[in-house]
Each structure stands twice: as structure tokens, then as C-alpha cells.
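What follows is a set of notes on a single structure, which appears directly below.
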Amino acid sequence: MQTPSLNLNRQEFGNSKNKDRVLSLTEAHDLLDAWIQNDRLKVHMKQVGHLMKEYALQEGLSSLDAHKWHLAGLLHDADWDQWPEQHCQKIIEELEARAIDPEIIRAIACHGPRYFGVEPRTQMDKMLYAFDELSGLVHAYSLMRPEGYAGMEVKGVKKRLKDKTFAAQVSREDIEDAVQRAELTVEDLIAFVVAKQGFAELT
Ligand SMILES: [Fe+2]
Ligand SMILES: [Fe+2]
């Protein structure tokens, strides 16, 4: 979710002295509970967080790094419910005040480059951007299927992606841009989301 949007007007976030400083999962969920009333938004954040964690683990990253990826996904839209016109400045300032690892903060800052004016650099940055919109589209598709995620196929998702009237708020332009930046195929990205997202509520 990025509109209304704010150009953040900076490229650096957090402080390198805070490397590896993280919130616990409980602290992150407490923050979500305090800031967000919209349950659908919470589901979205948990889904993106889950995808991020699973992708980091698949890439062979350490459990600390996978936790950082998880937090970036879990918190990326934390300010959307109460302060949409300050999205994502508010959560960035909160995490900077809490002296959290700058990589997490920067990944959040660049989950919509054409809105926030921050360029994704790291793989974590790029994957958060790549999962964000696609996750929403796949979730919308699961809700219209009697079987939910079970038996969902990549080609079914691709069809929904082509049909611009389906989940019309999902930016196809951003998905295409994100896939290119992450040097992935859209098929591989969809396959990963389909395989993992149905289990997001379990973690
Ligand atoms: Fe957003
Ligand atoms: Fe999002």
C-alpha cells in the first residue's frame, strides 16, 4: 500500500552502529497490535513477513538474517492504518528511535521506489518490494477459490495478473519492475508465493 505517498527525500536510514539490533517477534506483534486495527492489513503484513523469512532461509541465510527479513516484511506497512499520508515515514522513525538494524529500516523505506524515492539495493530490499504487491494478488485469488491455496497453479495466478480488473488496486507495474530488479522470473516468484503463503498464519 503506497498511496497517498510521501517522498522520503533521503537514501540512508538508521545507524550502522545498530547492526544486528532487532525486535523480538513478540515486540513486533505488540507494535502491530498497538498501531493497526485493520485485520486484513495485519494478515497482509504477516504474509509478507512469512514470505521474506522463508525466502531468506531458502537462500541459506542465518537465522538472525532470516529474522531481519521477517521483521522487514512484518512491519513494512505498520503505519498505513493510522497515518496513510505519512506512510512509511512513521514506522521508519519509530524503528530509528528504537535503534534497530539499519538494513531492516532501509528495506522498509524502499518497498515502493516510485513512491518513496528510495532505490532498493540489497536482496532484502528487492525481495520485500517483489513480494509486497504479488502477495496481495495471490491472497485475493485464494479468497475466491473454494479450495483456498490448495491446488493453486502458477498459470491461474498469471491469468489474474493479466486481468487488470481482478484485485485492481494491485500495481502490475510495480510487480514487473520488482521482478526485473530482483532478476527473477514472474513465474518463479509466483510459484514461491503460492507454495509458502498458505502457511503464513501458522507462524
Ligand atoms: Fe506500503
Ligand atoms: Fe504492503
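First residue of the sequence shown: 2, per the numbering used here; consecutive thereafter. From the three backbone atoms N, C-alpha and C, an ideal C-beta is built for every residue, glycine too.
Query, Result
"M128 CB to nearest heavy atom of ligand 2 below 8 Å", "no"
"W81: CB within 8 Å of a non-hydrogen atom of ligand 1", "yes"
"CA nearest to the CA of V171, picked from L138, K159, A79, A201", "L138"
"CA-to-CA distance, D133 to K197, given in whole angstroms", "14 Å"
"heavy atom of ligand 1 below 8 Å from M145 C-beta", "no"
"Cβ-Cβ distance between L33 and M46 below 9 Å", "yes"
"Contacts around D82, its chain only, beta-carbon distance under 8 Å, and the 5 residues preceding and following it disregarded", "W36, I37, Q38, N39, L42"
"Through-space distance from T123 to Q181, alpha-carbon basis", "14 Å"
"The segment 147–156 / the segment 94–101 touching (three or more Cβ pairs under 8 Å)", "no"
"Residues of its chain near Q12, where Cβ-Cβ distance is below 8 Å and the 5 sequence neighbours each way are ignored", "V119, E120"
"N10 versus F117 - alpha carbon distance", "8 Å"
"Residue from K160, D126, H51 whose Cα sits closest to the Cα of S136", "H51"
"Beta-carbon proximity of M2 to D78, cut-off 9 Å", "yes"
"M53 Cβ short of 8 Å to ligand 2 heavy atom set", "no"
"Inter-residue spacing [alpha-carbon to alpha-carbon] between G61 and K20", "20 Å"
"Neighbour-count burial assignment, F14, 16 or more Cβ in a 10 Å radius", "buried"
"Cβ-based neighbour list, I106, same chain, cut-off 7 Å, excluding 5 preceding and 5 following", "F14, G15, I93, L96, E97"
"Status (buried if at least 16 other CB within 10 Å, exposed otherwise) for L144", "exposed"
"A110, DSSP secondary structure in three states", "helix"
"Which listed residue (H88, L65, W84, H112) has its alpha carbon closest to that of D102", "L65"
"Span separating the alpha-carbon of Y56 from that of L72", "13 Å"
"Beta-carbon contacts of L190 that lie in its chain and below 7 Å, excluding the five residues immediately before and after", "A131, L135, V180"
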